[in-house]
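Q: Before we start, here is the structure in question, set down as structure tokens.
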Amino acid sequence: MLKLRQIEVQTAQGKSLALACKEAEISEQSYYRWRKEYGGLQVDQARKMKDLECENARLRRLVTDLSLEKQVLADVASGNLFSIRGSSVNALSCASWFDA
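One point on numbering: in full-length UniProt numbering, the residue at position 4 of the sequence shown is 4, and numbering is uninterrupted.
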């Protein structure tokens, strides 16, 4: 966000976009992507959006983990035992996987 503002100030002062991006040590492609994503946002709004994106990613991982755990437990409860490296897996060994 800071680099985006820095580049905007420099281009307003007459520097070329390529030179301003080079001085900020980012590519023009990154500048355009950031401008599209954060262009009209204030700093606090951008920070809030970034926090929400991180929370959404964390919640997606949590849902994935819980769905996998539910499926494994459902398979074990229904009697569908499966083999890992030739040894049978039972409910107690499955429960130990999720204690970590």
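Just so it is clear, CB atoms sit at the ideal spot from N, CA and C, and this is done for glycine as well. Remember, predicted model here, so these are calculated numbers, not experimental data.
When DSSP labels each residue in this structure, what does E23 get in the three-state scheme?
A: Counted from its first residue, the sequence shown places residue 23 at position 23. It is helical.
Q: Could you give the DSSP three-state label for Q30: helix, strand or coil?
A: Stepping through the sequence shown from its first residue, residue 30 is reached at position 30. Checking the sequence shown, residue 30 turns out to be Ser, not Gln. Residue state, collapsed to three classes: helix.
Q: Roughly how many angstroms separate the alpha carbons of V76 and E53, rounded to a whole number?
A: On the sequence shown, residue 76 is found 76 positions in, with the first residue counted as 1. On the sequence shown, residue 53 is found 53 positions in, with the first residue counted as 1. Distance between the alpha carbons of V76 and E53: 35 Å.
Q: Between which two residues does the alpha helix (DSSP H) carrying K50 extend?
A: Position 50 of the sequence shown holds residue 50. Its alpha helix (DSSP H) spans residues 43-77.
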